[in-house]
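Step one of this worksheet: look at the structure below.
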């Protein structure tokens, strides 16, 4: 008895944690939902953490740009200071030039006075000439001499007058030229200084405009940094919430796993009791194969899928499944994970179990007929390799065997839904 319990226990233990007992109404979907929620929470944590890191990078990039702009502002400040210094120098030079202009104006006044005096002398000459009839003949003056000595005196006087007139005219011309030259020089110098001042002022205005633009960019970057920091803080709070949710879900999952483990223990005990009631011989449980499907019973392949003459009715009809001959009470297990859609008696099948499976979004139904006992109930979730009944001879059967069918979609007694089980289950 103990050996038999161990054999059955070893088969059932692998599947009991993932199946649900239909009669008790307990479902493992709650655990799956919690695990899905936990996975979603972990995904959210990872997504939030990734987003937080991106925000940090963006903040650092904004800070780097702001630092560069601040450096540029500092350089602009230096250029503005240099421009101010140049402006101060030009203003100082203009002040000097203005003083020079004032001094020149005094010199010009002196020149103008001298020119005026010479003009008066020249006008006097003209008046004398007009009094003499409009002509003054130096030759007449010379020829009017009474003696040689008088001639020499007259000649010396004439020469002196001529030289004086010529010098007055020459000085007048020189002073007037000098006056025009000094006026032009001062005006040119002042114009150049004004032009330099205008250029420097334009340069200063451009620098101030660039500085204002840089300051505005810095302000925008600082606002963006503040916004990113706020978003990062919100994300960090959300991340902490996700951590707390994840911890709570872990606790719920742990509690649910403990609950299901207890249910599995109770179900295992129930299955062991059922196996004892069905008097299953030791070593008769089929080996559970890999993949979605497994052999439903251990025995001999006795009849296949297709047309044949029925051994009892002797009518030629389609055999919609396959038969596995085995001693009475041989264990019958679920060929795959699914839900029991029917468990009870049905004409021709005797005691029969039908299980609905979902395989890659396709619905399939397996049928287990002629059972001596039924170890499950409608609505129960069963796992591949789980004990569901025992081989028998109920219904239309000539001997103990398992009649096994596979239907595409739901079970149908007629029509093309039945397919060859060998396409799915190996024997």
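Residue numbers (the numbering used here): 1 to 427.
Ideal Cβ placement from N, Cα and C applies to all residues, glycine included.
Inter-residue spacing [alpha-carbon to alpha-carbon] between residue i and residue j
i: residue 198; j: residue 104; result: 25 Å
i: residue 73; j: residue 92; result: 28 Å
i: residue 357; j: residue 372; result: 24 Å
i: residue 320; j: residue 347; result: 15 Å
i: residue 396; j: residue 35; result: 47 Å
i: residue 41; j: residue 361; result: 27 Å
i: residue 370; j: residue 349; result: 5 Å
i: residue 293; j: residue 229; result: 55 Å
i: residue 232; j: residue 71; result: 27 Å
i: residue 13; j: residue 290; result: Bear in mind that a pLDDT of 34 at residue 13, under 50, signals an unreliable position, so the model cannot answer this.
i: residue 43; j: residue 252; result: 18 Å
i: residue 183; j: residue 107; result: 11 Å
i: residue 55; j: residue 202; result: 42 Å
i: residue 400; j: residue 327; result: 6 Å
i: residue 262; j: residue 285; result: 24 Å
i: residue 67; j: residue 206; result: 22 Å
i: residue 393; j: residue 363; result: 29 Å
i: residue 427; j: residue 240; result: 55 Å
i: residue 315; j: residue 359; result: 35 Å
Counted within 10 angstroms of its Cβ, other Cβ atoms place residue i as buried (16 or more) or exposed
i: residue 429; result: In the structure displayed, the chain extends from 1 to 427; residue 429 sits before or after that span and is not available.
i: residue 287; result: exposed
i: residue 57; result: exposed
i: residue 416; result: exposed
i: residue 381; result: buried
i: residue 398; result: exposed
i: residue 208; result: exposed
i: residue 421; result: buried
i: residue 425; result: buried
i: residue 191; result: exposed
i: residue 244; result: exposed
i: residue 383; result: buried
C-beta contact flag for residue i and residue j at 8 Å
i: residue 334; j: residue 299; result: no
i: residue 433; j: residue 408; result: As shown, the chain starts at 1 and ends at 427. That puts residue 433 outside it, with no answer to give.
i: residue 323; j: residue 402; result: yes
i: residue 204; j: residue 83; result: yes
i: residue 238; j: residue 76; result: no
i: residue 296; j: residue 340; result: no
i: residue 194; j: residue 80; result: no
i: residue 376; j: residue 342; result: no
i: residue 236; j: residue 52; result: yes
i: residue 196; j: residue 96; result: no
i: residue 374; j: residue 355; result: no
i: residue 186; j: residue 100; result: yes
i: residue 87; j: residue 200; result: yes
i: residue 30; j: residue 256; result: yes
i: residue 305; j: residue 365; result: no
i: residue 246; j: residue 45; result: yes
Of the residues the options, the one placed nearest residue i, counting alpha carbons only
i: residue 344; options: 327, 389, 364 and 360; result: 389
i: residue 38; options: 403, 242, 322 and 370; result: 242
i: residue 61; options: 35, 218 and 210; result: 218
i: residue 351; options: 303, 188, 404 and 424; result: 404
i: residue 221; options: 423, 424, 64 and 382; result: 64
i: residue 116; options: 169, 95 and 68; result: 169
i: residue 406; options: 206, 398, 400 and 367; result: 367
i: residue 387; options: 359, 425 and 329; result: 329
i: residue 113; options: 78, 189, 196 and 176; result: 176
i: residue 325; options: 302, 317 and 425; result: 302
i: residue 110; options: 261, 179, 250 and 192; result: 179
i: residue 414; options: 98, 317 and 427; result: 317
i: residue 32; options: 254, 359 and 393; result: 254
i: residue 98; options: 85, 166 and 188; result: 188
DSSP-derived helix/strand/coil call for residue i
i: residue 320; result: coil
i: residue 191; result: helix
i: residue 354; result: strand
i: residue 27; result: Low confidence applies to residue 27: its pLDDT is 46, below 50, so where it sits in the model is not reliable, and the reading given next is rough at best. Here residue 27 sits in coil by DSSP.
i: residue 416; result: coil
i: residue 423; result: helix
i: residue 393; result: coil
i: residue 346; result: strand
i: residue 290; result: coil
i: residue 252; result: helix
i: residue 315; result: coil
i: residue 282; result: Unreliable placement is indicated for residue 282, whose pLDDT of 44 sits below 50; the coordinate value is still reported in the next sentence. Residue 282 falls in the coil class under three-state DSSP.
i: residue 107; result: helix
i: residue 300; result: strand
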